[in-house]
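Chemist: Counting from 400, one number per residue, gives the positions in the sequence shown under this note's numbering.
Pasting a structure here, questions to come.
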Amino acid sequence: MTFSVLARDERTGALGVASQSKFLAIGAVVPSAAADTGAIATQALANGSFGPRGLRLLAGGSSATETLSALLAEDERSDRRQVGIIDSTGMGAAHTGGGCTGWAGHLVGDGFVCVGNMLAGQGVLQAMADSLATTSAEPNLGVRLVTALQQAADAGGDARGQQSAAVVVVQHEGGYGGHTDRWIDLRVDDHPQPISELRRLLSLHRLYFERPDPDSLLELNGDLADEVANALNRLDPLIGASDNLQALWQSLDGWAGRENLEERMILPGWIDPVVLSMLRERSIAAQ
400 MTFSVLARDE RTGALGVASQ SKFLAIGAVV PSAAADTGAI ATQALANGSF GPRGLRLLAG
460 GSSATETLSA LLAEDERSDR RQVGIIDSTG MGAAHTGGGC TGWAGHLVGD GFVCVGNMLA
520 GQGVLQAMAD SLATTSAEPN LGVRLVTALQ QAADAGGDAR GQQSAAVVVV QHEGGYGGHT
580 DRWIDLRVDD HPQPISELRR LLSLHRLYFE RPDPDSLLEL NGDLADEVAN ALNRLDPLIG
640 ASDNLQALWQ SLDGWAGREN LEERMILPGW IDPVVLSMLR ERSIAAQ
């Protein structure tokens with residue numbers, strides 16, 4: 400009743416797992432991940448200990464294959480378990496017990512693992528693998544994983560339907576403020592179209608928390624500085640925007656923080672085009 404896709408981004412080393420199921424709050428059960436360590440999906444008659452135990456084994460130097468073997472060796476119900484693992488090198492391993500409800504199976508490739516049970520057919524897994532291949536140029540691993548979920552659903556998905564979906568992506572210092580490895584951690588616990596809702600949440604996550612490319616920043620001077628100062632003053636005459644560029648940037652930084660855009664304010668004296676676009680929209684709406 401669940402399908403999951405795990406992958407490693409070979410450019411950044413980011414690791415992630417995304418899942419969908421006709422099951423309440425699948426994100427609370429299936430995915431586990433840690434930066435520079437690995438990602439795990441435990442499903443079917445899920446053994447929730449596989450996530451933390453598997454990550455400890457991976458962190459200790461075990462490969463994905465060795466970790467999978469160790470987990471199954473200690474489990475009396477391995478015939479009912481389904482597990483997918485990808486380690487920090489991109490090596491994958493998977494297990495589908497003979498007692499899993501059909502159609503059930505897995506697909507392991509270069510830098511990815513697809514697993515699923517109670518599916519419409521084998522094509523569901525192939526759809527996820529094909530999606531990862533066609534989106535290889537996308538720099539956001541979360542987008543690639545959620546797109547793969549959608550392709551799987553379009554190929555028949557969970558034979559019982561949809562209810563919940565989740566995506567977790569980890570990268571060293573990838574979390575909010577750079578203080579954790581939790582780059583993306585989004586869940587839709589109960590929804591008639593959980594993957595579509597997950598895609599909506601991911602779009603918001605990118606808006607608020609995706610750090611801009613430094614090369615895309617615009618220098619805050621000249622006509623642009625005047626425009627930003629005028630827009631800020633329309634929104635809040637007390638915000639303190641002025642002709643002083645340092646004070647202007649501080650005022651902009653304060654406004655961006657109130658709009659939850661602080662992760663996009665990465666260089667004093669420069670503005671992210673996404674922040675500028677939202678400032679313009681807010682300013683026009685305030686007129």
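A virtual CB, placed ideally from N, CA and C, is assigned to each residue, including glycine.
Check whether the Cβ atoms of L603 and W669 sit closer than 8 Å, and answer yes or no.
Modeler: Taking 8 Å as the Cβ cut-off, L603 and W669 do not qualify as a contacting pair.
Chemist: Around the Cβ of N516, are there at least 16 other Cβ atoms within 10 angstroms (buried) or fewer (exposed)?
Modeler: Label assigned to N516: buried.
Chemist: State the Cα-Cα distance for the pair A519 and L506, rounded to the nearest angstrom.
Modeler: Approximately 15 Å between the Cα atoms of the pair.
Chemist: Would you tell me roughly how many angstroms separate the C-alpha atoms of A493 and G508, rounded to the nearest one?
Modeler: For A493 and G508, the distance between alpha carbons rounds to 11 Å.
Chemist: Just the C-alpha distance for I425 and A564, rounded to the nearest angstrom, thanks.
Modeler: Cα to Cα, the separation comes out at about 6 Å.
Chemist: Going by alpha carbons, who is nearest to R681 out of E662, R633, D486, S431?
Modeler: Checking every option, the nearest Cα to that of R681 belongs to R633.
Chemist: Quickly, what does DSSP pair Q419 with across the bridge? List them, please.
Modeler: According to DSSP, which records beta bridges pairwise, Q419 is partnered with F402, A564.
Chemist: Looking only at C-alpha atoms, which of V627, V542, G460 sits nearest to L600?
Modeler: That would be V542, whose Cα lies nearest to the Cα of L600.
Chemist: Measure the Cβ-Cβ separation of S650 and L678 and say whether it is below 8 Å.
Modeler: No, these two residues do not count as a Cβ contact at 8 Å.
Chemist: Per DSSP, which residues does V482 bridge with? Please list them.
Modeler: Beta-bridge pairing links V482 to T441, H494.
Chemist: Give, in chain order, every unbroken run of the beta strand (DSSP E) that is at least 3 residues long and sits entirely within the stretch 485-550.
Modeler: For the stretch 485-550, whole beta strand (DSSP E) runs of length 3 or above, ordered along the chain, are 491-495, 504-508, 511-516.
Chemist: Which term fits E596, buried or exposed, when burial requires 16 or more other beta carbons within 10 angstroms of its beta carbon?
Modeler: With 16 or more Cβ atoms within 10 Å of its Cβ, E596 is classed as buried.
Chemist: For the alpha helix (DSSP H) that contains D652, what are its first and last residues?
Modeler: Unbroken alpha helix (DSSP H) run through D652: 644-657.
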